[in-house]
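Residue 38 in our numbering sits at position 7 of the sequence shown, with consecutive numbering throughout.
C-beta: ideal position from N, C-alpha, C; glycine also.
Here the structure is a predicted model, which is why all the values come from computation and not from measurement.
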Amino acid sequence: MTITFRPYRRPDDFETIGHFITGLYQPGNADGNWFQPAWEYMHSHPYLDESALEHIGVWEENEAIVGVATYESRLGEAFFQLKVGYAQLKPAMLDHAEAHLSAANAEGTRSLHIFINDFDLPFTALAQARGYHRLPDEDRGMLRYAIPEPFPPIHLPEGFRLQSLQEDNDLSKVDRVLWRGFNHPGQPPAGGEADRRKMQSVPRFRKDLNIVAVAPGGQFAAYAGLWFDPTNRLAYVEPVATDPDYRRLGLARAAVQEGIRRCAAEGADSAYVGNDLPVYRSIGFTPIYTTCCWEKTW
Numbered sequence: 032m033t034i035t036f037r038p039y040r041r042p043d044d045f046e047t048i049g050h051f052i053t054g055l056y057q058p059g060n061a062d063g064n065w066f067q068p069a070w071e072y073m074h075s076h077p078y079l080d081e082s083a084l085e086h087i088g089v090w091e092e093n094e095a096i097v098g099v100a101t102y103e104s105r106l107g108e109a110f111f112q113l114k115v116g117y118a119q120l121k122p123a124m125l126d127h128a129e130a131h132l133s134a135a136n137a138e139g140t141r142s143l144h145i146f147i148n149d150f151d152l153p154f155t156a157l158a159q160a161r162g163y164h165r166l167p168d169e170d171r172g173m174l175r176y177a178i179p180e181p182f183p184p185i186h187l188p189e190g191f192r193l194q195s196l197q198e199d200n201d202l203s204k205v206d207r208v209l210w211r212g213f214n215h216p217g218q219p220p221a222g223g224e225a226d227r228r229k230m231q232s233v234p235r236f237r238k239d240l241n242i243v244a245v246a247p248g249g250q251f252a253a254y255a256g257l258w259f260d261p262t263n264r265l266a267y268v269e270p271v272a273t274d275p276d277y278r279r280l281g282l283a284r285a286a287v288q289e290g291i292r293r294c295a296a297e298g299a300d301s302a303y304v305g306n307d308l309p310v311y312r313s314i315g316f317t318p319i320y321t322t323c324c325w326e327k328t329w
């Protein structure tokens, strides 16, 4: 069989690659690839450099996708989505990443961060042989939560309540909790509502699965975005944020739980999050692997 390469073609490839990633999933995320919601969330994020999308590489066999090398937000990073049985493509995918996904630096060098799962020892050895060194502070944990039946009770401090964006989609409130929740200084700048509108523009974004904890005064105090993959019966958590004025009250935990509970009601039996913060451990998420960051400058 002949394997061919081509660049990413938007908009057609957006759905095609989404279906490809959906089909890669093995129970417990044993395949180690992205989840389809991660691909969708990438395209909705305000920080995505859309001008570089054609740098994403696509490998096909008989016109069926078998591998994708992509960045997440901007050039200088690379993630690899690969069908089982095609590990021989990894050197070529790394070649492509170095040539087309790396970033130019002011001092005239180029650099690239590549992300490799800790259980992928051959790919790790390839990266080391190519001169990459690990950046442990940039590693990403992948955690899984086996959704229990019955679902445990959700607790909130007195005066707070949970609701979804289906009930109140005030974009200024959404922008404020996400801006402050991700530790940006001061109040959000003007125009942030457009960024939040973009985040809600992708096909599988669901207002009823995006949960906010509402403070007694009506402000959104915490936010939890949930995505549901009905094909693989999984929930995916992204993004989660709590306004600094309301931290350590269990609000983010309650919002995440409510989102997972809603996904479970539609058939999800597992939830995943690509972050190892204590809030997820407190819910019952457990680590399944670490996606290690490796850097090279040349």
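Original post:
Thinking C-alpha only, which one of Met124, Val287, Ala253 is nearest Ala158?
Top reply: Residue numbering aside, residue 158 sits at position 127 when the sequence shown is read from its first letter. Nearest C-alpha to Ala158: Met124.
Original post:
Between Pro275 and the rest of its own chain, which residues show a CB-CB distance below 7 Å, the 5 nearest in sequence each way excluded?
Top reply: In the sequence shown, counting from the first residue as 1, residue 275 sits at position 244. Arg211, listed in sequence order.
Subject >> Glu92 to Leu265 span [Cα, whole Å] >> reply: One-based indexing of the sequence shown puts residue 92 at position 61. One-based indexing of the sequence shown puts residue 265 at position 234. Cα to Cα, Glu92 sits roughly 28 Å from Leu265.
Original post:
Is any beta-carbon of chain C found at less than 7 Å from that of Val208?
Top reply: The structure shown contains no chain C; it is built from a single protein chain.
**OP:** Please name the residue, chosen from Tyr56, Gly98, Tyr277, Phe251, that lies closest to Asp44 on a Cα-to-Cα basis.
**Re:** Position 13 of the sequence shown, counting from 1, holds the residue named residue 44. It is Gly98 whose Cα lies nearest to the Cα of Asp44.
Original post:
Can you tell me whether DSSP reads Thr328 as helix, strand or coil?
Top reply: As a position in the sequence shown, residue 328 is number 297, starting the count at 1. Three-state DSSP puts Thr328 in a strand.
**OP:** With DSSP as the reference, label Ala252 as helix, strand or coil.
**Re:** Locating residue 252 in the sequence shown gives position 221, where the first residue counts as 1. In the structure shown, Ala252 sits in a strand (DSSP, three-state: E or B).
Original post:
Applying the criterion that 16 or more other CB atoms from any shown protein chain within 10 Å of the CB defines a buried residue, is Asn241 buried or exposed?
Top reply: Here residue 241 refers to the residue found at position 210 of the sequence shown. It counts as buried.
Subject >> Cα-Cα separation, Asp239 to Gly190 >> reply: What you label residue 239 is simply residue 208 of the sequence shown in a count that begins at 1. What you label residue 190 is simply residue 159 of the sequence shown in a count that begins at 1. Between Asp239 and Gly190, the C-alpha separation is close to 22 Å.
Subject >> Assumed close pair Val89, Arg37 - CB separation to whole angstroms, cut-off 8 Å >> reply: Mapped onto the sequence shown, residue 89 falls at position 58. Mapped onto the sequence shown, residue 37 falls at position 6. Right, the Cβ-Cβ distance comes to about 5 Å (below 8 Å), so this counts as a contact.
Original post:
What is the DSSP secondary structure of Trp70, counted as helix, strand or coil?
Top reply: Taking the first residue of the sequence shown as 1, we reach residue 70 at position 39. Here Trp70 sits in helix by DSSP.
Subject >> Exposure of Thr317, with buried meaning 16 or more beta-carbon neighbours within 10 Å >> reply: Here residue 317 refers to the residue found at position 286 when the sequence shown is read from its first residue. Per the 10 Å Cβ criterion, exposed.
**OP:** Would you identify the three-state DSSP class for Thr94, choosing helix, strand or coil?
**Re:** Here the question's residue 94 lines up with position 63 in the sequence shown. For the sequence presented, residue 94 should be read as Glu rather than Thr. Looking at Glu94 - three-state DSSP - the assignment turns out to be coil, as it is neither helix nor strand.
Subject >> Span of the beta strand (DSSP E) around Phe146 >> reply: The residue you call residue 146 lines up with position 115 of the sequence shown. First-last of the beta strand (DSSP E) with Phe146: 141-148.
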